[in-house]
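Q:
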Amino acid sequence: MQAKTALDDAKIDSLVLGITHYLVVASRRNQMKKALSEIGKIEKASEGSKAKFLLIQTLGEILSLKRHYPVNIENRNLLWFEYSNGYLLRQNQIEKIEEITKAEGKNLLVESPTGFGKTKAIVPTLNRIKADGETLVVN
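If you read the sequence shown in the working numbering, its first letter stands for residue 4, the second for the next number, and so on.
(1) The alpha helix (DSSP H) that contains Trp138, what's its start and end?
(2) What residue range is occupied by the uninterrupted alpha helix (DSSP H) comprising Asp16?
(3) Spatial neighbours of Lys44 within its chain, please: C-beta separation below 7 Å, excluding the five flanking residues on both sides.
(4) My parser needs the alpha helix (DSSP H) runs of 4 or more residues fully inside the stretch 69-135; what are they?
(5) Would you kindly work out how many angstroms separate the C-alpha atoms of Ile143 and Arg70, rounded to a whole number?
(6) Return yes when the Cβ of Leu68 is within less than 8 Å of the Cβ of Gln34, no when it is not.
(7) Between the Cα of Asn88 and the Cα atoms of Thr8, Ala134 and Pro127, which residue gives the shortest distance?
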């Protein structure tokens, strides 16, 4: 990377660390925006209505979301996915991504149920992980 950017190793490390920090803060900010939006809907909903109850449940789910992996430079591709797509990866998705990335050999068959996030979460994240500047990722 140094030859392509003319940055020394310390500056590259600092830049990557800064980007990682930005992704953490920005994705949490997006989560808080969603929570504030739900609060606005709750305030407008009729008292005692089923709609208000469901909105309160949704708010609770938004506020209780957490990351299921360590936040560090090595996991910046997971952070990138969460930031760019506006939601956090679920624990079972993280486990599947780890299973695939740690698998040996070129041929791998992975099964997951409908709604697991294969198309919208797993494949884009794996593409980002595999795209190292020298590997062409084709789906």
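All C-beta atoms in this analysis are idealised placements derived from N, C-alpha and C, irrespective of residue type, glycine included.
A: Put simply:
(1) As a first step, residue 138 is located in the sequence shown; it is residue number 135 there, counting from the start. A small correction: the amino acid at residue 138 is Thr; Trp does not occupy that position in the sequence shown. Counting along the chain, Thr138 falls outside any alpha helix (DSSP H), and DSSP gives it neither H nor E.
(2) Looking up residue 16 in the sequence shown gives position 13. Element bounds for Asp16: Asp12 to Lys47.
(3) To locate residue 44, count along the sequence shown from 1; it is residue 41. Contacts found: Leu58.
(4) Every alpha helix (DSSP H) of 4 residues or more that sits fully in the stretch 69-135 is shown, in chain order, as 79-88, 94-105 and 126-133.
(5) Only positions 4 to 142 of the chain appear in this structure, which leaves residue 143 out of reach.
(6) The sequence position of residue 34 within the sequence shown is 31, counting from 1. The sequence position of residue 68 within the sequence shown is 65, counting from 1. Yes; because the gap between Cβ atoms is below 8 Å, this pair is in contact.
(7) Translated into positions along the sequence shown, residue 88 becomes position 85. Measuring from the Cα of Asn88, the nearest candidate turns out to be Pro127.
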